[in-house]
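Residue numbers (the working numbering): 2 to 84.
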Amino acid sequence: MNTLPTWIASDSTEAVHIAEQIGYPVALKLRSPDIPHKSEVQGVMLYLRTANEVQQAANAIFRSRKNGLATGAGPRPVGAKYG
Numbered sequence: 002m003n004t005l006p007t008w009i010a011s012d013s014t015e016a017v018h019i020a021e022q023i024g025y026p027v028a029l030k031l032r033s034p035d036i037p038h039k040s041e042v043q044g045v046m047l048y049l050r051t052a053n054e055v056q057q058a059a060n061a062i063f064r065s066r067k068n069g070l071a072t073g074a075g076p077r078p079v080g081a082k083y084g
């Protein structure tokens with residue numbers, strides 16, 4: 002089974018840095034063991050195409066976390082073929 006690589010960012014600056022390294026577009030997903038359905042808490046942002054979009058999405062994800070349950074945000078490539 003082929004899977005896409007995933008990185009973990011601890012803040013929006015790190016998320017932008019990772020996105021710049023892997024290339025756009027990227028998806029950003031909340032990382033939290035306490036929230037099983039990330040999309041229900043707006044914890045998944047897709048097709049982010051610029052550093053500004055990644056920064057805004059990461060800031061929104063980190064702002065929305067409750068009681069420190071989020072452990073990071075995971076940027077990953079979108080639409081790329083790996084394997």
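Positions of the beta carbon are idealized from the N, C-alpha and C atoms, including for glycine.
These numbers come from a predicted model, not from an experiment.
Going by C-alpha distance, which of the options is nearest residue i?
i, options, result
"glutamine 57", "Thr7, Pro34 and Glu15", "Glu15"
"isoleucine 62", "Asp12, Thr7, Met2 and His38", "Asp12"
For the alpha helix (DSSP H) containing residue i, list its first residue and its last residue.
i, result
"valine 27", "Segment 27-32 is the beta strand (DSSP E) holding valine 27; no alpha helix (DSSP H) there."
"histidine 18", "13-23"
DSSP three-state label for residue i, please.
i, result
"glycine 84", "In this prediction, glycine 84 scores a pLDDT of 43, lower than 50, which makes its location untrustworthy; the coordinate-derived value is nonetheless stated afterwards. It is coil, neither helix nor strand."
Look at the Cβ atom of residue i, then the Cβ atom of residue j, and state whether they are nearer than 8 angstroms.
i, j, result
"alanine 52", "alanine 20", "yes"
"leucine 29", "methionine 46", "yes"
Which residue marks the beginning of the beta strand (DSSP E) containing residue i, and which one marks its end?
i, result
"valine 45", "45-49"
Give me, in chain order, the residues of the same chain whose beta-carbon lies closer than 7 angstroms to that of residue i; leave out the 5 immediate sequence neighbours on both sides.
i, result
"glutamine 22", "none"
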